[in-house]
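Sequence order for the protein chains is A and B.
Just remember that this note's numbering sits 413 ahead of the position in the first sequence, which is counted from 1.
Just remember that this note's numbering sits 25 ahead of the position in the second sequence, which is counted from 1.
Every residue, glycine too, gets a C-beta built ideally from N, C-alpha and C.
Model, not experiment: these values are computed from the prediction.
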Amino acid sequence: MDQTVSIRINGTHRRVREGMSVAELALELGLEPTKVAVERNLEIVPRSTLGDVTVEDGDDYEIVTFVGGG
Amino acid sequence: MADTWSVAGRTFTSRLIVGTGKYKNFEQNAAALEASGAEIVTVAVRRVNVSDPGQPLLTDFIDPKKTVYLPNTAGCFTAEEAIRTLRLAREAGGWDLVKLEVLGEAKTLYPDMRETLKATEVLVKEGFKPMVYCVDDPIAAKQLEEAGAVAIMPLGAPIGSGLGIQNRVTIRLIVEGAKVPVLVDAGVGTASDAAVAMELGCDGVLMNTAIAEAKDPIRMARAMRLAVESGRLAYLAGRMGQRRYADPSSPLAGLI
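Spelled out as structure tokens, the structure:
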């Protein structure tokens, strides 16, 4: 059976599969990794490394995109 | 020769920058952009909707390859928040031309110049090219320029107020003192306000609400395009002097 880890995404708690990359996490959330920016524990995760960074228990993510604004 | 302007090494023909907030929908926003002729749009950086990721995105309607996205820090009240937002924006878009605004209070949305200056310094060190929203104060404008702001963007009046340029004298002083482009940002309500900004010698005007909250935003977008162009032409043409009394346009000689 898969192990899960506990993380926060945009302020909301969530459990996800252990060992997944940040890119896999984005895809699982239905997001296109090339259209978002990810901050992990207050550090930017460069888009080129989204596939290399593993989601760890206790991680806090902010995932943002561009929206209409003035 | 084409009348262009440049910021941070990029050259533009349109002197109108438009926001992408407050529109009825993305279609109307895209149509207004088209009518405005703007080459740059401001955008906000916000959390993705994780519970409903299928929602349409701004980028589906306004192509970032054709229109320059200028990420904005609207809604940030500290230097730290603004810097964090722009780091994410740079990662999301891959560009370092950004618009910095650090607000002081919700009631007036006046910029907090102490935090704005602090954020400008940090961003410039990190390689950003910040266009900076500021008060209409020639000294503050100078300080921002010295800190590395690539454009100075004084308010004409509070954000979203539509009151027009409240202090033409200070806007003109900023224009005369700046070596970087000066764009009036905020306060424009109708076409004549945009023309005034351009007649004062500004390099451009940024607006959102004046177009988005017009009864017909697409028609207003076109009006703003024409106003910015005519204000610019009038500035380049050099207006006539003002007199206290009348001066007849027809010759006095030969009157019957």
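Does chain B have any CB closer than 7 Å to the CB of A/Thr478? Translated into the one-based positions of the first sequence, residue 478 of chain A becomes position 65. Chain B, which has a Cβ nearer than 7 Å to the Cβ of A/Thr478, makes this yes.
Closest by CA to B/Arg244, which one among B/Ser39, B/Ser61 and B/Glu52? To locate residue 244 of chain B, count along the second sequence from 1; it is residue 219. The residue with the shortest Cα to Cα distance from B/Arg244 is B/Ser61.
For B/Asn54, three-class secondary structure by DSSP: Locating residue 54 of chain B in the second sequence gives position 29, where the first residue counts as 1. Residue state, collapsed to three classes: helix.
Go ahead and pull the three-state DSSP assignment for B/Tyr48. Here the question's residue 48 of chain B lines up with position 23 in the second sequence. The answer is coil: DSSP assigns B/Tyr48 none of H, G, I, E or B.
Residue(s) in a DSSP beta bridge with A/Glu475: Taking the first sequence and counting its residues from 1, the one referred to as residue 475 of chain A is at position 62. In the DSSP output, where bridge partners are listed per residue, A/Glu475 has A/Glu452.
When you compare the region 419-430 of chain A with the region 77-89 of chain B, are there three or more beta-carbon pairs, one atom per stretch, that lie closer than 8 Å? no
Please return the same chain residues whose Cβ sits closer than 8 Å to the Cβ of B/Gly212, not counting the five positions on each side in sequence. Taking the second sequence and counting its residues from 1, the one referred to as residue 212 of chain B is at position 187. Once the five neighbours on either side are set aside, the close Cβ partners of B/Gly212 are Leu180, Gly181, Ala182, Pro183, Ile184, Ser186, Gly187, Leu188, Gly189, Ile190, Gln191 and Asp218.
Start-to-end residues for the beta strand (DSSP E) that takes in B/Lys167: Here residue 167 of chain B refers to the residue found at position 142 when the second sequence is read from its first residue. No beta strand (DSSP E) holds B/Lys167; the alpha helix (DSSP H) holding it covers Pro163 to Ala172.
Stretch-stretch touch, CB-based, cutoff 8 Å, three pairs: the region 421-440 of chain A with the region 95-108 of chain B: no
Is the CB-CB distance between B/Pro78 and A/Gly443 below 7 Å? Numbered from its first residue, the second sequence carries residue 78 of chain B at position 53. Numbered from its first residue, the first sequence carries residue 443 of chain A at position 30. Yes, they are a contact pair.
Mind checking the region 183-196 of chain B against chain A and listing, in chain order, the residues whose C-beta falls within less than 9 Å of any C-beta there? Ile184 and Gly185
Looking at B/Arg250: is its Cβ nearer than 7 Å to the Cβ of B/Leu41? Taking the second sequence and counting its residues from 1, the one referred to as residue 250 of chain B is at position 225. Taking the second sequence and counting its residues from 1, the one referred to as residue 41 of chain B is at position 16. Against a cut-off of 7 Å, the Cβ pair of B/Leu41 and B/Arg250 comes out as a contact.
Mind checking if B/Gly46 is an interface residue toward chain A, Cβ cutoff 7 Å exclusive? Looking up residue 46 of chain B in the second sequence gives position 21. So yes, B/Gly46 belongs to the interface.
Buried or exposed (CB count within 10 angstroms, at least 16 for buried), B/Ile164: Taking the first residue of the second sequence as 1, we reach residue 164 of chain B at position 139. Result: exposed.
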